[in-house]
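K.L.:
Can you read through this structure? Questions will come right after.
In our numbering, the protein residues as written are 1 to 352.
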């Protein structure tokens, strides 16, 4: 637990916000590309420019050119032209390692407050050559170039949740998980996805922006309260019943015949087989259904009441008791089960 908290603190580090020029460029790029769930990177959405190391490389080229001209030294000029040719060739290779990469959003998993929302993205390629050193990041975390390269099998995301992943190679379809901190209940806006590479020499950086047409949901963290104060309502719904009582409808079991019982209860088939007098027992379902009412929660604030409703959902889910969730924006039906539980968690997340 301590290790995960320490990792979370490292992962939640603040990133430097973009400056005015970067904001203008991002706004221009977003106008050029519509929101989508899948796309293929090509010449229309890939940008390429010098990296930080590339700026130093360009300065060296300029210095060698000036020195070669000033001293009329053909050897220095030859070195300058060689470095320039290498830069031009690198433009082609860096672009090629990002082009034809297919990006597809798989899903966005909801999470509770304090955890991480998982954004799963699939990468594939139609090119014959593999794509190397592919980096994916959400938001402004693409400025951090110190993350290690990951092999085809990623590290356990439960131990290292982060919004940045770097893959050593992409040749077959791979699924990448990116993680966003869930700091507040409700709708979580998915920031832009940046896909980049500096392969092969690191002096040029090619990147593309993918604006995902998706959103995440964050439901409240459970807040304990006295669940015994909530009243149960009796249900005759057999689907949600967990107890039975004597009745006249559904066959329950065979039992020894008691003197005075109706002869119609006797199982004559068993009598014919010489198994003695056995009486049929019938039962009717009697279930427990609990109404989780927003207005009956003991908390005062809106968020605390929703957190207590989350605690009630967890308690009833573990007890396998049918329930109904009553919120300010509406009242649901009675139900139980894992799917019903997750539907109600989503209702808690979507409540205004």
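From the three backbone atoms N, C-alpha and C, an ideal C-beta is built for every residue, glycine too.
Could you name the residues that DSSP lists as bridge partners for residue 333?
P.N.:
Locating residue 333 in the chain shown gives position 333, where the first residue counts as 1. Per DSSP, none; premise fails for residue 333.
K.L.:
Identify, in the order they occur along the chain, each residue of the same chain with its Cβ nearer than 6 Å to the Cβ of residue 67, setting aside the five sequence neighbours on each side.
P.N.:
For the purposes of this step, residue 67 is taken as residue 67 along the chain shown, with counting starting at 1. For residue 67, where only same-chain residues beyond five positions count, the Cβ hits under 6 Å are 76.
K.L.:
In this structure, what does DSSP give as the bridge partners for residue 215?
P.N.:
Within the chain shown, residue 215 is the residue found at index 215, counting from 1. DSSP output for residue 215 lists 189 as bridge partner(s).
K.L.:
What are the partner residues of residue 210, as DSSP defines its beta bridges?
P.N.:
Within the chain shown, the letter at position 210 stands for residue 210. Its beta-bridge partners are 193.
K.L.:
When the distance is taken between beta carbons, is residue 97 closer than 8 Å to residue 132?
P.N.:
On the chain shown, position 132 is the one that residue 132 refers to. On the chain shown, position 97 is the one that residue 97 refers to. Yes.
K.L.:
Pull up the distance between the alpha-carbon of residue 177 and that of residue 318, whole angstroms please.
P.N.:
The residue labelled residue 177 in the question sits at position 177 within the chain shown. The residue labelled residue 318 in the question sits at position 318 within the chain shown. The alpha-carbon atoms of residue 177 and residue 318 are separated by roughly 29 Å.
K.L.:
Is it right to say residue 179 is buried, meaning 16 or more other beta carbons lie within 10 angstroms of its own, or is it exposed?
P.N.:
The sequence position of residue 179 within the chain shown is 179, counting from 1. Buried, by the Cβ-count rule.
K.L.:
Residue 126: buried (16+ other C-beta within 10 angstroms of its C-beta) or exposed?
P.N.:
Walking along the chain shown from the start, residue 126 turns up at place 126. With fewer than 16 other Cβ atoms within 10 Å, it is exposed.
K.L.:
From the DSSP output, read off the bridge partner residues of residue 50.
P.N.:
Working through the chain shown from its first residue, we reach residue 50 at position 50. According to DSSP, which records beta bridges pairwise, residue 50 is partnered with 204.
K.L.:
What are the residues that DSSP puts in a beta bridge with residue 171?
P.N.:
The residue you call residue 171 lines up with position 171 of the chain shown. Bridge partners of residue 171: none, in fact.
K.L.:
Give every residue of the same chain whose Cβ lies closer than 6 Å to the Cβ of residue 308, excluding the five residues on either side of it in the sequence, and list them in chain order.
P.N.:
If you number the chain shown from 1, residue 308 lands on position 308. Taken in chain order, the residues that qualify are 223, 225, 297 and 299.
K.L.:
Find out if the Cβ-Cβ distance for the pair residue 290, residue 316 is shorter than 8 Å.
P.N.:
Counted from its first residue, the chain shown places residue 290 at position 290. Counted from its first residue, the chain shown places residue 316 at position 316. In contact: residue 290 and residue 316 (Cβ atoms closer than 8 Å).
K.L.:
With burial defined as no fewer than 16 other Cβ atoms inside 10 Å of the residue's Cβ, what is the status of residue 112: buried or exposed?
P.N.:
Here residue 112 is taken as the residue at index 112 of the chain shown, counted from 1. Per the 10 Å Cβ criterion, buried.
K.L.:
Within the stretch 69-146, note down every full beta strand (DSSP E) run reaching 3 residues or more, in order along the chain.
P.N.:
Taking only runs of at least 3 residues, the beta strand (DSSP E) segments lying wholly in the stretch 69-146 are 101-109, 116-125 and 131-138.
K.L.:
Just verifying my parser: in three-state terms, what is the DSSP assignment at residue 310?
P.N.:
If you number the chain shown from 1, residue 310 lands on position 310. Reduced to three states, the DSSP call for residue 310 is helix.
K.L.:
Have a look at 203, 128 and 166 and flag the residue whose alpha-carbon is nearest the alpha-carbon of residue 172.
P.N.:
Here the question's residue 172 lines up with position 172 in the chain shown. Ranking the options by Cα distance to residue 172, first place goes to 128.
K.L.:
Do residue 210 and residue 192 come within 8 Å of each other at the CB atom, strictly closer than that value?
P.N.:
Translated into the one-based positions of the chain shown, residue 192 becomes position 192. Translated into the one-based positions of the chain shown, residue 210 becomes position 210. Contact: yes.
K.L.:
Less than 8 Å separating the beta-carbons of residue 195 and residue 41?
P.N.:
Within the chain shown, numbered from 1, the residue matching residue 195 stands at position 195. Within the chain shown, numbered from 1, the residue matching residue 41 stands at position 41. Yes, these two residues count as a Cβ contact at 8 Å.
K.L.:
Using the Cα positions of residue 328 and residue 294, report the straight-line distance between them to the nearest angstrom.
P.N.:
Taking the chain shown and counting its residues from 1, one reaches residue 328 at position 328. Taking the chain shown and counting its residues from 1, one reaches residue 294 at position 294. Taking the straight line joining both Cα atoms gives about 7 Å.
K.L.:
Could you give the DSSP three-state label for residue 344: helix, strand or coil?
P.N.:
In the chain shown, the residue the question calls residue 344 occupies position 344. Reduced to three states, the DSSP call for residue 344 is helix.
K.L.:
Would you mind sorting residue 216 into buried or exposed? The rule is 16 or more other CB atoms within 10 Å of its CB.
P.N.:
Here the question's residue 216 lines up with position 216 in the chain shown. Classification for residue 216: buried.
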